[in-house]
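Straight run, no breaks: the sequence shown in my numbering ends on number 558.
For glycine and all other residues, C-beta sits at the position ideal for the given N, C-alpha and C.
Quick caveat, the model's predicted, so the values are computed rather than measured.
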Amino acid sequence: MGKGITPIWPSATTIDDDGAIEFHGRAAESLLAEFGSPLYLIDTDEVAGRARYFVRAAADAFTNSITHVSFAGKAFLSKRIVREVIDAGMHVDTCTMGEMRIALAAGAPGRRLVLHGNNKTDAEIELAVKNDFAKIVIDSADEPARIAEIAHRLGKRAKVMLRVTSGIHAGGHEYISTAHEDQKFGVPLLPAGADAAALGVLDDLGDVTPAATNARLSTAAAGDADSAAADGKPERELRYDIKYPYDLSHEEVSDADKALAEAMTVVADGPALAVLKSIASFGDDLELVGIHSHIGSNIHDADAFIQAAKRMMLLRKTFYATDAYTLPEVDLGGGYSVAYTDGEDSMDVRVELKRLADAVASVNRALGMPAPAISFEPGRWIVAPAGVTLYRVGTIKPVHLTDAKDSAGNPIDERVYVSVDGGMSDNIRPALYGADYTARLANRAGSAETMLARVVGMHCESGDIVVHEVRLPADTKRGDILAVPVTGAYGRTMASNYNQALIPAVVGVSESGASVMLRRQTVDDLLDLDQD
């Protein structure tokens, strides 16, 4: 009977009496003998279990809201993964024709699919509309008219929501932080040059009175000289509805009310509200179902999500105040972290989603708004810990160093470079983001004595690093197998043919056995692409 490893490995991963790693009882050596090296492994039981866990955690946290959870297909997508997450109660997010076609080919109904993308083609929009996707997430001001024209031509009414750039900065790396101003995604919440300090009222709504929760924003007529702004733009003013549900004739408007009015006024003049109004104008062809926020990726706690959610709820309130229409859904996106090495933090989704739910409920109570349906888009959290990549060890090269230190700051005079038969072509994350991974011998225990190693690939770049620093058995040798955990997300899906390397197979392992999910590329595949 094998024993488990550490929490960063799939739960059914064990070590046998000889120190070799087994996946659902299959030895690493046996898997490479059957399927080749390098090899991506995905524990599909782990994927299904994590998907069910997240769906339940969201429902348990948001007890007063309907919750929807979509799997972010960009993390890793195959027909089998689509079936696993759909069976677990999820939807699937797609953002390209390829992802859409894979999800549909897997049997996913359109009502369980979502289309994202900052540069959607007409063909992608048409496929989504024809198949009655649950929603198309609008990413720019020109999209409503495009989607409406396609929906009208097809005799359909497309469900859409707007992706809003909240201005909240979060994420493990600049390239995966997606809600700051200087990037390609979404429509800004605030007008250019606006002072975000006005939104500070969202951090303390305790003093807001019924006057503010009944506020309606109005725009002065363009020809009204008494209310026109100096720059020619109509001014916003706050009016109070004293008829329903409160009689405010004896109430005094507080400073907190005025601060909330100022925040709503800033949001009312922002691009996001303008695009929401544009969408609403296509009511015969577009059904506006909500707003969307995605702030980044690999985020460890709910703090940034809470700040972004408050801003989305303020936008929802402001849209209601100007149009008297309550947006039914708010999608808070994905970005939930996992641990890549022992000792790293991984988001406790039950704890953090409950914190988020409490904050959302509190802000909506203060704003006098009913609870919306809440949506989430986990990808990495579902599939990354279910993946392990197996490599065959090749060249081992000690390098003597001067004035060098290890990751802990300790002086070192040698580092051993352990080359494997893969590299940045099958996992670009260490090179692209500086991402950290770990590794261990998978075919045997190895010596008790260790060496400070850097696991590198076979490609023509010094940045071709698989694991920046790890202690491996000192007797590691050519032909050994190295296993790198937590590679289920953004490994195969970002793989390339750099140096004309062949993309490895993806094998699903489960209690039922091991089978190929995505076949290994061959040299013939490369030659078939070469038409000249």
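Counted within 10 angstroms of its Cβ, other Cβ atoms place residue i as buried (16 or more) or exposed
{"i": "Arg76", "result": "buried"}
{"i": "Arg137", "result": "exposed"}
{"i": "Ser561", "result": "Past the edges of the chain, shown from 27 to 558, lies residue 561, and the structure says nothing about it."}
{"i": "Asp558", "result": "exposed"}
{"i": "Gln333", "result": "buried"}
{"i": "Ile92", "result": "exposed"}
{"i": "Cys486", "result": "exposed"}
{"i": "Gly181", "result": "exposed"}
{"i": "Asn436", "result": "exposed"}
{"i": "Ser473", "result": "exposed"}
{"i": "Lys210", "result": "exposed"}
{"i": "Ala149", "result": "exposed"}
{"i": "Thr548", "result": "exposed"}
{"i": "Leu57", "result": "buried"}
{"i": "Leu153", "result": "buried"}
{"i": "Asp556", "result": "exposed"}
{"i": "Arg455", "result": "buried"}
{"i": "Ser401", "result": "buried"}
Per DSSP, cross-strand counterpart(s) of residue i
{"i": "Ala53", "result": "Glu48"}
{"i": "Asp431", "result": "The residue you asked about is not Asp; residue 431 is Lys in the sequence shown. BP columns for Lys431 point to Pro437."}
{"i": "Met187", "result": "Val163, Gly316"}
{"i": "Leu67", "result": "Val414, Val533"}
{"i": "Ile422", "result": "Val444"}
{"i": "Leu6", "result": "No answer is possible for residue 6: it lies beyond the span of the chain, which begins at 27 and ends at 558."}
{"i": "Phe402", "result": "Val95"}
{"i": "Arg466", "result": "Ala509"}
{"i": "Tyr362", "result": "Ile325"}
{"i": "Pro214", "result": "Thr191"}
{"i": "Asp357", "result": "His318, Ser401"}
{"i": "Gly296", "result": "Gly296 pairs with nothing; no bridge assigned."}
{"i": "Val111", "result": "Beta-bridge pairing links Val111 to no other residue."}
{"i": "Leu231", "result": "DSSP output for Leu231 lists no bridge partner at all."}
{"i": "Gly539", "result": "Ser536"}
{"i": "Val118", "result": "Phe97, Leu139"}
Whole-number beta carbon distance between residue j and residue i, since they are thought to touch under 8 Å
{"i": "Val356", "j": "Lys161", "result": "Not quite, the Cβ-Cβ distance comes to about 12 Å (not below 8 Å), so this is no contact."}
{"i": "Gly534", "j": "Gly413", "result": "Actually they do not touch by this definition, with Cβ atoms about 10 Å apart."}
{"i": "Val446", "j": "Val492", "result": "6 Å"}
{"i": "Tyr22", "j": "Pro64", "result": "This structure does not reach residue 22, given that the chain is present from 27 up to 558, and the question cannot be answered."}
{"i": "Leu382", "j": "Ala328", "result": "5 Å"}
{"i": "Ile112", "j": "Ala509", "result": "Not quite, the Cβ-Cβ distance comes to about 29 Å (not below 8 Å), so this is no contact."}
{"i": "Leu188", "j": "Phe159", "result": "Not a contact, Cβ separation roughly 15 Å."}
{"i": "Ile34", "j": "Ala365", "result": "5 Å"}
Cβ of residue i within 7 Å of any chain C Cβ
{"i": "Arg470", "result": "Although the question refers to chain C, the structure presented lacks it and comprises just one protein chain."}
Through-space distance from residue j to residue i, alpha-carbon basis
{"i": "Asn525", "j": "Ser451", "result": "8 Å"}
{"i": "Pro135", "j": "Asn157", "result": "8 Å"}
{"i": "His326", "j": "Gly460", "result": "17 Å"}
{"i": "Ala254", "j": "Ile194", "result": "For Ala254, the predicted model reports a pLDDT of 39, less than 50, meaning its position is unreliable; a value from the coordinates is still stated below. For Ala254 and Ile194, the distance between alpha carbons rounds to 32 Å."}
{"i": "Asp295", "j": "Leu216", "result": "7 Å"}
{"i": "Pro411", "j": "Tyr362", "result": "12 Å"}
{"i": "Ala167", "j": "Lys343", "result": "21 Å"}
{"i": "Ile173", "j": "Arg376", "result": "37 Å"}
{"i": "Ala218", "j": "Thr352", "result": "26 Å"}
{"i": "Asp283", "j": "Asn390", "result": "15 Å"}
{"i": "Met126", "j": "Thr120", "result": "6 Å"}
{"i": "Met123", "j": "Val442", "result": "44 Å"}
{"i": "Ser433", "j": "Pro36", "result": "26 Å"}
{"i": "Thr348", "j": "Thr291", "result": "10 Å"}
{"i": "Glu128", "j": "Val419", "result": "Rather than Glu, the amino acid found at residue 128 in this sequence is Ile. When rounded, the distance between both Cα atoms is 34 Å."}
{"i": "Ile68", "j": "Arg546", "result": "14 Å"}
{"i": "Pro260", "j": "Asp165", "result": "For Pro260, the pLDDT reaches just 43, beneath the cut-off of 50, and the residue's location in the model is therefore unreliable, leaving the point undetermined."}
{"i": "Leu225", "j": "Val190", "result": "15 Å"}
{"i": "Tyr79", "j": "Val73", "result": "10 Å"}
{"i": "Met543", "j": "Phe61", "result": "11 Å"}
{"i": "Asp429", "j": "Ile438", "result": "8 Å"}
{"i": "Ala98", "j": "Gly505", "result": "36 Å"}
{"i": "Phe345", "j": "Ala101", "result": "33 Å"}
{"i": "Arg52", "j": "Ser538", "result": "11 Å"}
{"i": "Trp407", "j": "Asp281", "result": "42 Å"}
{"i": "Val496", "j": "Ala479", "result": "5 Å"}
{"i": "Gly483", "j": "Thr421", "result": "10 Å"}
{"i": "Lys431", "j": "Thr367", "result": "20 Å"}
{"i": "Ala223", "j": "Leu340", "result": "14 Å"}
{"i": "Val532", "j": "Asn144", "result": "29 Å"}
{"i": "Asp43", "j": "Gly369", "result": "25 Å"}
{"i": "Ala246", "j": "Ser96", "result": "Confidence is the limiting factor: at Ala246 the pLDDT is only 34, short of 50, which leaves the residue's position unreliable, though a coordinate-based value still follows. Computed Cα separation, rounded: 42 Å."}
{"i": "Pro511", "j": "Gly489", "result": "20 Å"}
{"i": "Gly115", "j": "Arg109", "result": "10 Å"}
{"i": "Ala500", "j": "Ile41", "result": "19 Å"}
{"i": "Asp374", "j": "Ala335", "result": "19 Å"}
Checklist entry - Which ranges does the beta strand (DSSP E) cover as unbroken runs of at least 3 residues, wholly within the segment 473 to 526, from first to last along the chain? => result 476 to 482, 491 to 499, 507 to 511
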